[in-house]
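Everything on this sheet refers to the single structure shown next.
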Amino acid sequence: MKESIRTKIFRILMNWYPMFLGTGGKITFIAANWRRVELRLKLNIWTYNYVGTIFGGSQFSATDPFLMVMLIKILGNDYIVWDKAGSIRFLKPGRGRLRLVFEYSDDEIALIQDEVARHGKYEFTKGAEWLDQDGVAVSKVEKLVYVSTKSFDRERRKRREDSRQSQS
Numbered sequence: 003m004k005e006s007i008r009t010k011i012f013r014i015l016m017n018w019y020p021m022f023l024g025t026g027g028k029i030t031f032i033a034a035n036w037r038r039v040e041l042r043l044k045l046n047i048w049t050y051n052y053v054g055t056i057f058g059g060s061q062f063s064a065t066d067p068f069l070m071v072m073l074i075k076i077l078g079n080d081y082i083v084w085d086k087a088g089s090i091r092f093l094k095p096g097r098g099r100l101r102l103v104f105e106y107s108d109d110e111i112a113l114i115q116d117e118v119a120r121h122g123k124y125e126f127t128k129g130a131e132w133l134d135q136d137g138v139a140v141s142k143v144e145k146l147v148y149v150s151t152k153s154f155d156r157e158r159r160k161r162r163e164d165s166r167q168s169q170s
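Each step along the sequence shown adds one to the number in my numbering, with nothing skipped, and position 149 is 151.
Here you go:
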């Protein structure tokens with residue numbers, strides 16, 4: 003699938019967004035249906051660490067918003083999506099140019115929608131790997147993602163508020 007005008011504009015603007023720009027990462031592709039995002043991270047003056055390899059913080063922070071943003075765009079306005087946690091495991095030093103792909107399959111989206119429909123909310127872990135020029139993994143990033151319906155979230159907040167009021 004190709005990029006759409008909207009995903010291309012988002013990609014260009016996000017690449018210039020100061021918080022993302024500071025990671026050293028670059029978005030190279032966003033599918034028109036938001037189910038695939040490709041990132042690149044190069045060893046340069048902004049991303050190298052004390053020992054001359056790609057800073058682990060750059061590898062982690064460059065991945066930050068994408069799984070959440072992708073799901074917000076895929077699922078639409080009736081859902082709430084949050085990153086709840088994240089981790090990175092370094093497998094070998096990153097040198098040169100790294101690439102990472104985040105992708106949601108039709109089955110994953112169907113599972114998320116089904117679980118949210120049954121329980122009002124759903125949490126899952128999803129990962130991706132930064133690969134070097136030879137396709138060898140240098141690190142593995144995992145994110146814990148929370149998805150709920152807006153109506154479930156409203157009810158949860160109302161119950162919490164009612165509970166606080168009854169305690170005072």
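Ideal Cβ placement from N, Cα and C applies to all residues, glycine included.
| said: Only counting the same chain, and skipping five residues up and downstream in sequence, which positions put a Cβ closer than 7 Å to that of THR49? | reply: If the five residues before and after THR49 are omitted, its C-beta is found closer than 7 Å to the C-beta atoms of GLY26, LEU43, ILE56, PHE57, SER60, all from its own chain and listed in chain order.
| Under 8 Å, do PHE126 and PHE104 count as touching if we go by C-beta distance? | No, Cβ-Cβ distance for PHE126 and PHE104 is not below 8 Å.
| request: Can you give me the Cβ contacts of GLY129 inside the same chain, cut-off strictly under 8 Å, excluding the 5 residues immediately before and after it? | output: Here the set comprises LYS142, VAL143, GLU144, LYS145.
| field | First and last residue of the uninterrupted beta strand (DSSP E) at THR55 | value | For THR55, there is no enclosing beta strand (DSSP E), since its DSSP letter is neither H nor E.
| said: Less than 8 Å between the C-beta atoms of VAL39 and ILE32, yes or no? | reply: The Cβ atoms of VAL39 and ILE32 lie closer than 8 Å to each other.
| query | Whose CA, out of LEU93, ALA64, TYR19, lies closest to the CA of LEU102? | reply | Comparing Cα-Cα distances from LEU102 to each of LEU93, ALA64, TYR19, the minimum goes to ALA64.
| request: Indicate the three-state DSSP secondary structure (helix, strand or coil) for ARG162 in the structure shown. | output: Here ARG162 sits in helix by DSSP.
| Can you tell me where the beta strand (DSSP E) with ALA130 in it begins and where it stops? | Looking at the DSSP string, the run of the beta strand (DSSP E) that includes ALA130 is 123 to 133.
| said: Is the separation between the beta-carbon of MET16 and that of ILE29 shorter than 8 Å? | reply: Yes.
| Count the other CB atoms within 10 Å of the CB of VAL138; is the residue buried (16 or more) or exposed (fewer)? | Answer is exposed; the Cβ neighbour count stays below 16.
| message | Using 8 Å as the cut-off, can you tell me whether the region 157 to 168 makes contact with the region 88 to 103, which would need three or more C-beta pairs spanning the two stretches below that distance? | response | A contact is defined here as three or more CB-CB pairs under 8 Å, and the region 157 to 168 fails this definition with respect to the region 88 to 103.
| task | Please report how far the alpha carbon of GLN115 lies from the alpha carbon of ARG158, in whole angstroms. | result | GLN115 and ARG158 have their C-alpha atoms spaced approximately 19 Å apart.
| What beta strand (DSSP E) runs, 3 residues minimum, are completely inside the region 38 to 106? | Inside the region 38 to 106, DSSP marks whole beta strand (DSSP E) runs of 3 or more residues at positions 38 to 44, 81 to 92, 99 to 105, from first to last along the chain.
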